Amino acid sequence: ARNPGNQDNLIPAGTDYKDAADFHRELCRLLDEITKGNVEENVAWSVGRRHAKTAYLSNGYLCKNAAYRHKRYIVEISETTDVA
Numbered sequence: 001a002r003n004p005g006n007q008d009n010l011i012p013a014g015t016d017y018k019d020a021a022d023f024h025r026e027l028c029r030l031l032d033e034i035t036k037g038n039v040e041e042n043v044a045w046s047v048g049r050r051h052a053k054t055a056y057l058s059n060g061y062l063c064k065n066a067a068y069r070h071k072r073y074i075v076e077i078s079e080t081t082d083v084a
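Under the numbering used here, the first residue of the sequence shown is numbered 1, with each subsequent residue one higher.
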């Protein structure tokens with residue numbers, strides 16, 4: 001981890017994209033296609049708890065879009081106050 005003293009790191013030490021589950025790679029490819037404007041329909045993705053959905057979607061994907069200025073405005077909607 002880039003910040004080893006932080007107990008709340010979203011990506012645990014020793015975790016690498018190469019070791020990610022196949023659905024993470026598929027999800028990242030889908031998110032890239034959405035960002036490029038190649039996907040026009042709504043997308044729903046269902047995965048069980050503790051599969052890093054928040055780390056990928058609410059944190060990583062949104063931060064990437066903001067940092068690289070892919071999106072001008074980002075509004076995150078969540079049913080939980082922790083994520084929103």
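By construction, the Cβ of each residue, glycine as well, lies at the ideal position given by its N, Cα and C atoms. It should be emphasised that the depicted structure is a prediction, and the values quoted were computed from it without experimental measurement.
For the alpha helix (DSSP H) containing K36, list its first residue and its last residue.
-> D22 to K36
With DSSP as the reference, label N3 as helix, strand or coil.
-> coil
Span of the alpha helix (DSSP H), counted from its first residue to its last, around A67 = L62 to A67
Length of the line joining the Cα atoms of A59 and A44 | A small fix is needed here, since residue 59 is Asn in this sequence, not Ala. The alpha-carbon atoms of N59 and A44 are separated by roughly 18 Å.
State whether the region 20-28 contacts the region 46-57, with contact taken as three or more CB pairs (one from each stretch) at a distance under 8 Å.
-> Touching, per the Cβ criterion.
Is Y68 closer than 8 Å to L31 when the C-beta atoms are compared?
-> no
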